[in-house]
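In the numbering used here, the protein residues as written are 52 to 316.
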């Protein structure tokens, strides 16, 4: 165990040095989920979020099959792209994500996140599942987007180790609720999964989504998340900029500097 621990500490140090980062995680990103916006004023709502300090705009894409709800798609993303230069982070809850990659790329999406469960329904990555997921990641990159994978609450962190180790992914989205609907209660039980991923992969973006608010952010920040998706807690706030600031400050306060993270690993 001591040998394995030393090897992982060495890998962490090399990852952090190669990325040029000075703390135990990448830069903080706050991504309001436009699923909670006023759809009749979507472009205005997105502009409002950016003016309030949002780094990304999170787009929940649901096909009515992978999850029971039906929401936004490529035409909406294309329309938004005409009105904003913001990073559009598309969480694609789709039964066949590969069939939609080109359309999202053409629409102006920046990030394309697919669900690991599409290829590994039980959360176990066999060789076929790995090859299919890797192929999709390569296609996403070829089309100019950042590839990410989302994990349902029941899917273990270990299922993405190989994809990350082989540099297939830019980020992992850990869902703190069941996918498909906004406004659900934050599942604190998902924080060990975040902590697991951060301890092994300090240079990758770890995104959390579901029930994030000023009352729950400290748990996610302490676990190692650096990309925070929040919907109703931001859009329904009287002062969204204050909520965004609280979320950002929590993550920044929880982050440890490079030297400390290596010494205490």
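Backbone N, C-alpha and C define an ideal beta-carbon position, used for all residues, glycine too.
Would you verify that the beta carbon of residue 287 is, or is not, closer than 9 angstroms to some beta carbon of chain B?
No chain B appears in this structure, which consists of one protein chain only.
Quick one, are the C-beta atoms of residue 279 and residue 80 less than 9 angstroms apart?
Your numbering for residue 279 matches position 228 in the chain shown. Your numbering for residue 80 matches position 29 in the chain shown. In this structure, residue 80 lies closer than 9 angstroms to residue 279 by Cβ.
Looking at the structure shown, is residue 258 part of a helix, part of a strand, or coil, going by DSSP?
If you number the chain shown from 1, residue 258 lands on position 207. The answer is strand: DSSP assigns residue 258 an E or B state.
How big is the Cα-Cα spacing for residue 206 and residue 168?
The residue you call residue 206 lines up with position 155 of the chain shown. The residue you call residue 168 lines up with position 117 of the chain shown. If I take the Cα positions, the gap works out to 8 angstroms.
Using C-beta distances below 6 angstroms, list every residue in its chain close to residue 303, excluding the 5 sequence neighbours before and after it, in chain order.
Mapped onto the chain shown, residue 303 falls at position 252. 79.
Roughly how many angstroms lie between the CA atoms of residue 155 and residue 106, to the nearest whole one?
Along the chain shown, read from residue 1 onward, the residue named residue 155 stands at position 104. Along the chain shown, read from residue 1 onward, the residue named residue 106 stands at position 55. Between residue 155 and residue 106, the C-alpha separation is close to 20 angstroms.
Which residue's Cα is closest to the Cα of residue 277: 248, 266 and 284?
Working through the chain shown from its first residue, we reach residue 277 at position 226. Checked all of 248, 266 and 284; the closest Cα to residue 277 is 248.
Three or more C-beta pairs closer than 8 angstroms, one from the region 257-264 and one from the region 219-238: is that the case here?
yes
Cβ of residue 223 versus every heavy atom of the ligand ADP: is any distance shorter than 8 angstroms?
Judged by which ligands are present, the structure shown has none, so any question about the ligand ADP falls away.
Going by beta-carbon coordinates alone, are residue 202 and residue 244 separated by less than 9 angstroms?
To locate residue 202, count along the chain shown from 1; it is residue 151. To locate residue 244, count along the chain shown from 1; it is residue 193. Their beta carbons are under 9 angstroms apart, which means residue 202 touches residue 244 by this criterion.
What first and last residue would you give for the beta strand (DSSP E) that runs through residue 269?
Taking the first residue of the chain shown as position 1, residue 269 is located at position 218. Looking at the DSSP string, residue 269 is not in any beta strand (DSSP E); the run it does join, the alpha helix (DSSP H), is 268-274.
For residue 137, which residues in the same chain have their Cβ closer than 6 angstroms to its Cβ, ignoring the five residues on either side in sequence?
Sequence index remark: in the chain shown, residue 137 carries index 86 (1-based). Contacts found: 101 and 108.
Same chain, Cβ closer than 8 angstroms to residue 116, five either side skipped, listed in chain order
In the chain shown, residue 116 corresponds to position 65, counting from 1. Excluding positions up to five away in sequence, the list reads 145 and 146.
Should residue 284 be labelled buried (16 or more other beta-carbon atoms within 10 Å of its own) or exposed?
Indexing the chain shown from 1 puts residue 284 at position 233. The residue in question, residue 284, is buried, as its Cβ has 16 or more Cβ neighbours within 10 Å.
What's the call for residue 271, buried or exposed, on a 16-neighbour Cβ count within 10 Å?
Along the chain shown, one-based indexing puts residue 271 at 220. Buried, since its Cβ has 16 or more Cβ neighbours within 10 Å.
Is the beta carbon of residue 197 less than 9 angstroms from the beta carbon of residue 163?
Here residue 197 refers to the residue found at position 146 when the chain shown is read from its first residue. Here residue 163 refers to the residue found at position 112 when the chain shown is read from its first residue. Cβ distance < 9 angstroms, so residue 197 and residue 163 count as in contact.
Whole-angstrom distance between residue 89 and residue 95, CA atom to CA atom
What you label residue 95 is simply residue 44 of the chain shown in a count that begins at 1. What you label residue 89 is simply residue 38 of the chain shown in a count that begins at 1. So the two alpha carbons sit approximately 9 angstroms from each other.
Check the DSSP bridge columns for residue 113 and list the partner residues they point to.
Looking up residue 113 in the chain shown gives position 62. Answer is 144, bridged to residue 113.
With H, G and I counted as helix, E and B as strand and the rest as coil, what does DSSP make of residue 165?
Indexing the chain shown from 1 puts residue 165 at position 114. Residue 165: strand per DSSP, three-state reduction.
Quick one: Cα of residue 305 to Cα of residue 189, how far?
Residue mapping note: residue 305 aligns to position 254 of the chain shown, counting from 1. Residue mapping note: residue 189 aligns to position 138 of the chain shown, counting from 1. Distance between the alpha carbons of residue 305 and residue 189: 33 angstroms.
Starting from residue 223, follow its DSSP beta bridges and name the residues at the other end.
By one-based count along the chain shown, residue 223 stands at place 172. Answer is 200 and 257, bridged to residue 223.
Check for me: the alpha helix (DSSP H) holding residue 285 runs from which residue to which?
The residue you call residue 285 lines up with position 234 of the chain shown. Here the alpha helix (DSSP H) through residue 285 covers 283-286.
Status (buried if at least 16 other CB within 10 Å, exposed otherwise) for residue 161
Taking the first residue of the chain shown as 1, we reach residue 161 at position 110. Buried is the call here.
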